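Counting from 1, one number per residue, gives the positions in the sequence shown under full-length UniProt numbering. Built from N, CA and C at the ideal position, the CB exists for glycine as well. In this text, all values refer to a predicted model and were calculated from it rather than measured experimentally. Okay, structure first, notes after.
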Amino acid sequence: MDQWIEPFIDTSKWETFDLSCAARDASDDQELRDAVEAGKRLGAIFKEPTVTPSAEQVASMGLSKALPSPNGAMRRGWDGVTISRDTIHIEGVELGFKSPVLFERHAVGGEYGAGWKEVGKGRLITTFFPEDDDVEPFIVDARKLENDRNVAVVYHNPLDNVAALADHFFSRTLKAGVTPYVVTKKTVFKWQEPFWQIHKELFDAKYADAFREARGSTRERNSQLQRLRSRPFSTREAGLLDATGGELQHLISDAATMQIIRWTRGGFGMSAHNYDGDMLTDEVAQVHRSPGFITSNLVGRNDDGTLIKEFEASHGTVSDLWHAHLRGEATSFNPLGMAEAIMGALAHAADLDGDTETARRTHHFVATLRRAMHNTFVYGQGTWDMAGPDGLTTEEFVAKVAWRVGRYLEAEDDAETADPAAAKPSVLLRRGAKQVDVDKVSAMFAEFDVDGSGSISLEEFSEMMIKLGLAPMKEPEKTSASRAKIDEAA
């Protein structure tokens, strides 16, 4: 804020709220309620990572009571429709996915709002009482509990805003030129069928023709299909629905888990329930490099229909680096996710402002800051997770980007060129890489390097990929019958 934002943006009218556990506890959570109310009024929100304290943290922080998740309060208060989580890409730097991956996670419903109680033997009855008093209540479920210890859980999935989620998903994937997939476990969890049906009906009515007509380059189409048969592709290579038989495709959540690992070319989007979306986007983050390289944007609706958008980094509070900083140790925090969040909030605020000079200047600044930050990575001046031990510390990186922003705003181009070493950062530089058991990795390598040559042949590599469950699979014939059999088998 001090070096990247405030020298260039007037923040005097920004409203800020302290959502630390101490401030929430001291105000009996009034601070959070005030933040939610301000968010409805303003419509553009930047949120830093927060903590939902565990029982141990309640005690260690000296809190008077447990505090609920601030994210849950925001999703409810802003009529949360979806949490958009997309891969972040830096031109000239190879990360996990080659092309963008877009994800919509239903922002409400599911296990996160569940009520539960530990109970003993007996009968459990779930009864629905309609809001209309003229309609008789009825039993949703009744069962006998025969264990001495049971946990009874009740939750529901709201459906009124799923059409808005689907509309947001399809418009974004069409604009980005990626293939859309809807993910559920509806073959087993029958209550998930409406989520898929709402997506399918909206797609057929509003988006099917546009997706079928979307095309990319004029490469020879048959070779595209042969080369990309087991993975989705973007408009730069073929029609957006060529890989799905010209239709919107449903993926069982189990299959989606495997395809995320295999489809490293990217160029796809997924829409899923709240819990599935949470788990699958964590997987996307790990394939792409880390949670710091994907966005996390809550999209809600105001009473007048305008969109409320809240932007935050998808990673946590990174408390280990903070404590190291307090101890006086050098740290190297990659602020890419945080910066994308504040840039997203600035851009949305400009959109809400309309066609004004301030809005145009804001959009220009956002583009300039993003260019300056990305180029700092490209020039080999990134943080340790990207540039290794010769990279910059947190403070050095912030200062370097601030210097570059100033130059760009003054229309001064860089005299520097891209560092070839920065184009493909080693996976060994990732946070957590030090926890890898090198001895076990060596043993796994030796298992497949059967001739002890120190290298793995194609046959040995194929055996390894199959054993690890990572081998790309041929796409089955695109018929309704075959897809139904695949779904039922899952």
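Cα atoms of P49 and P137: separation of roughly 43 Å, rounded to the nearest angstrom. By the Cβ-count criterion, M74 is buried, with 16 or more other Cβ atoms from all chains shown falling within 10 Å of its own Cβ. A distance of 9 Å or more separates the beta carbons of T295 and F333.
Assignment of H168 by DSSP, reduced to helix, strand and coil, places it in the helix class.
Counting C-beta atoms within 10 angstroms of its own C-beta, M279 has fewer than 16 neighbours from the protein chains shown and is therefore classed as exposed. Nearest neighbour of L298 by Cα position, chosen from V436, R105 and Q192, turns out to be R105. DSSP, read as helix, strand or coil, puts Y275 in helix. The three-state reading of DSSP puts A44 in strand, counting E and B together. Counting along the chain, the unbroken beta strand (DSSP E) around T126 starts and ends at G122 to F128. Going by beta carbons, G292 and L336 fall inside the 9 Å limit. The three-state secondary structure of N297, taken from DSSP, is strand. Beta-bridge annotation (DSSP): S84 is paired with E104 and N297. Counting along the chain, no beta strand (DSSP E) covers A114, and no H or E run does either. Judged by DSSP secondary structure, N150 falls outside any alpha helix (DSSP H) and instead within the beta strand (DSSP E) spanning N150 to V154. Inter-segment contact for the segment 172-190 and the segment 250-262 is present: three or more beta-carbon pairs are separated by less than 8 Å. Contact check for P68 against D29 passes: the beta carbons are separated by less than 9 Å.
Taken through DSSP and simplified to helix, strand or coil, E312 comes out as strand. Assignment of L468 by DSSP, reduced to helix, strand and coil, places it in the coil class.
DSSP places H288 in the helix class (H, G or I) of the three-state scheme.
The continuous alpha helix (DSSP H) containing Y408 extends over residues T394 to L409. Take the alpha-carbon of D204 and the one of S455: they are about 50 Å apart. Proximity to T179 across V154, K13, A210 and W403 peaks at A210, based on C-alpha coordinates.
Residue pairing by DSSP places I252 opposite T184 in a beta bridge. In the structure shown, V436 adopts coil according to DSSP, grouped into three states.
For E111, the CB contacts under 7 Å within the same chain, skipping 5 residues up- and downstream, are Y155 and Y275 in chain order. Membership of R143 in the beta strand (DSSP E) is indicated by the continuous run F138 to L145.
Shown here for I261: same chain residues with a beta carbon closer than 8 Å to its own, the five before and five after excluded, namely E283, V287 and L470 in chain order.
In the three-state reduction of the DSSP assignment, T52 falls in the coil class. Under the three-state reduction of DSSP, L307 is assigned to strand. Contact between V58 and T317 is ruled out by a C-beta separation of about 16 Å, above the 8 Å threshold. In the DSSP annotation of this structure, the continuous segment of the alpha helix (DSSP H) that includes H325 starts and ends at S319 to L326. A check of alpha carbon separations from E463 across T331, K474 and F445 identifies F445 as the nearest. For D209, the enclosing alpha helix (DSSP H) stretches over residues A208 to E213. The segment 113-126 and the segment 367-378 do not touch, with fewer than three beta-carbon pairs separated by less than 8 Å.
In this structure A44 is in contact with K309, their Cβ atoms being roughly 6 Å apart against a cut-off of 8 Å.
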